[in-house]
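Just so we're aligned, residue 58 is where the sequence shown starts under our numbering, counting upward by one. The C-beta atom is built at its ideal place from N, Cα and C for all residues, glycine as well. Just so we're clear, the structure is a prediction, and the values are computed from it rather than from any experiment.
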Amino acid sequence: MRWESRSCGVWSIAVKIKHEDGIPKCITSLSNLRILDVIGNKISGRLPADIGRLSRLTVLNVADNVISGPIPTSIVNLQSLMHLDLSNNKLSGEIPADLGKLTMMSRALLSRNQLTGSIPTSIANIYRLADLDLSVNQISGPIPAQLGSMRVLSTLKLDSNQISGQIPGSLLGNGGLSIINLSRNSLEGYIPDVFGPKSYFTSLDLSYNNLKGSIPKSVSSAKYMGHMDVSHNHLCGPIPASSAFDHLEASSFTANDCLCGMPLLRTC
58 MRWESRSCGV WSIAVKIKHE DGIPKCITSL SNLRILDVIG NKISGRLPAD IGRLSRLTVL
118 NVADNVISGP IPTSIVNLQS LMHLDLSNNK LSGEIPADLG KLTMMSRALL SRNQLTGSIP
178 TSIANIYRLA DLDLSVNQIS GPIPAQLGSM RVLSTLKLDS NQISGQIPGS LLGNGGLSII
238 NLSRNSLEGY IPDVFGPKSY FTSLDLSYNN LKGSIPKSVS SAKYMGHMDV SHNHLCGPIP
298 ASSAFDHLEA SSFTANDCLC GMPLLRTC
């Protein structure tokens with residue numbers, strides 16, 4: 058095992074570990090540890106079950122390793138945690154139901170794992186959360202409507218899962234959410250008609266689902282629509298005429314049942 062420490066002061070220790078047999082359990086005895094960054098070190102094994110002992114930890118980054126097993130339930134005891142990145146590992150099992158106890162967290166990145174179960178509704182209690190990425194997992198069940206009430210959340214990525222049910226209107230009606238990716242799931246029902254002058258989307262991707270009905274006319278009143286993709290659904294009817302769509306290509310609307318109008322070649 059090789060340790061590379063950037064700062065070894067009493068109050069803050071940033072550790073780089075290169076170890077193929079897992080994160081050593083003794084690390085949880087470093088009670089003053091603030092930053093644990095082991096990104097891209099080919100670390101295998103499991104996260105320490107008592108990782109919650111690191112009560113002063115503000116950054117936990119274990120991305121781009123081969124860590125397996127469940128996310129320890131004790132992780133919800135990291136009350137000072139602001140940045141959580143567990144992405145691109147082999148983590149399995151469910152997301153801890155009480156993850157919402159981490160109210161100081163601004164980023165929760167859990168993408169590209171093998172996580173199952175549903176999205177915990179408690180996540181809506183993380184009032185400082187700006188970036189939530191659960192993409193490319195095996196998460197099922199509905200999208201909690203409570204996520205739409207999060208005032209700070211600006212990026213939500215749930216794509217490439219097994220999420221079902223309808224899209225909560227509160228989600229698309231949240232004026233603060235500028236990046237939403239719900240593509241490649243099993244969502245059904247209608248696209249909520251909740252767009253308005255406060256709608257500002259850098260990217261809205263609803264492609265590869267089972268959505269039906271028409272594209273809501275209220276989309277044309279959106280303040281900004283940088284990218285929108287509703288392809289590969291079961292949508293019908295005219296594409297709303299809007300300057301917000303002028304830059305969008307036909308590929309954003311293809312492979313539906315009977316959409317028509319520009320930028321598609323099919324007339325209504």
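Express the C-alpha separation of residue j and residue i in angstroms, rounding to a whole number.
{"i": "Leu316", "j": "Ser278", "result": "19 Å"}
{"i": "Ile180", "j": "Arg323", "result": "43 Å"}
{"i": "Gly174", "j": "Asp303", "result": "39 Å"}
{"i": "Lys274", "j": "Asp121", "result": "42 Å"}
{"i": "Gln219", "j": "Gln171", "result": "12 Å"}
{"i": "Ser88", "j": "Ser137", "result": "13 Å"}
{"i": "Tyr257", "j": "Ser235", "result": "6 Å"}
{"i": "Gly102", "j": "Gly109", "result": "17 Å"}
{"i": "Ile100", "j": "Asp188", "result": "25 Å"}
{"i": "Ser243", "j": "Ile152", "result": "20 Å"}
{"i": "Gly294", "j": "Asp286", "result": "16 Å"}
{"i": "Ala312", "j": "Tyr265", "result": "9 Å"}
{"i": "Val276", "j": "Gly253", "result": "7 Å"}
{"i": "Thr85", "j": "Leu239", "result": "36 Å"}
{"i": "Ile224", "j": "His291", "result": "15 Å"}
List the DSSP bridge partners of residue i.
{"i": "Tyr281", "result": "Tyr257"}
{"i": "Asp188", "result": "Arg164, Thr212"}
{"i": "Leu141", "result": "Leu117, Ala165"}
Give the C-beta separation of residue i and residue j to the nearest angstrom, bearing in mind that I take them to be a contact with Cβ-Cβ under 8 Å.
{"i": "Gly226", "j": "Val251", "result": "5 Å"}
{"i": "Glu44", "j": "Leu263", "result": "In the structure displayed, the chain extends from 58 to 325; residue 44 sits before or after that span and is not available."}
{"i": "Ser217", "j": "Arg241", "result": "5 Å"}
Please work out which residues of its chain come closer than 6 Å, Cβ to Cβ, to residue i, disregarding the five sequence neighbours upstream and downstream, and give them in chain order.
{"i": "Asn118", "result": "Asp94, Ile96, Asp142"}
{"i": "His284", "result": "Ser260"}
{"i": "Pro129", "result": "Leu104, Ala106, Ile108"}
Start and end of the alpha helix (DSSP H) containing residue i?
{"i": "Gly226", "result": "226–229"}
In terms of residue numbering, what span does the beta strand (DSSP E) encompassing residue i cover?
{"i": "Cys315", "result": "315–317"}
{"i": "Arg241", "result": "Unbroken run through Arg241: none, as it is neither H nor E."}
{"i": "Val116", "result": "116–118"}
{"i": "Thr212", "result": "212–214"}
{"i": "Gly233", "result": "No beta strand (DSSP E) holds Gly233; DSSP gives it neither H nor E."}
{"i": "Arg164", "result": "164–166"}
{"i": "Glu306", "result": "That residue, Glu306, is in no beta strand (DSSP E); it is neither H nor E in DSSP."}
{"i": "Gly150", "result": "147–151"}
{"i": "Asn267", "result": "267–270"}
{"i": "Cys293", "result": "291–295"}
{"i": "Gly222", "result": "219–222"}
{"i": "Gln171", "result": "171–173"}
{"i": "Leu93", "result": "92–94"}
Leaving aside the five residues before and after residue i along the sequence, list all residues of the same chain whose C-beta is less than 8 Å from its C-beta, in chain order.
{"i": "Lys255", "result": "Gly232, Lys280"}
{"i": "Gly198", "result": "Gly174, Ser175, Ile176, Ile220, Ser221, Gly222"}
{"i": "Ile296", "result": "Ile272, Phe302, Phe310, Leu316, Cys317, Gly318, Met319, Pro320, Leu321"}
{"i": "Tyr184", "result": "Thr160, Met207, Arg208, Val209"}
{"i": "Glu306", "result": "Pro320"}
{"i": "Ser168", "result": "Ser144, Asn145, Asp190, Leu191, Ser192, Val193, Asn194, Lys214"}
Among the residues of its own chain, which have a CB less than 7 Å from the CB of residue i, if the five just before and after it don't count?
{"i": "Thr178", "result": "Pro201, Gln203"}
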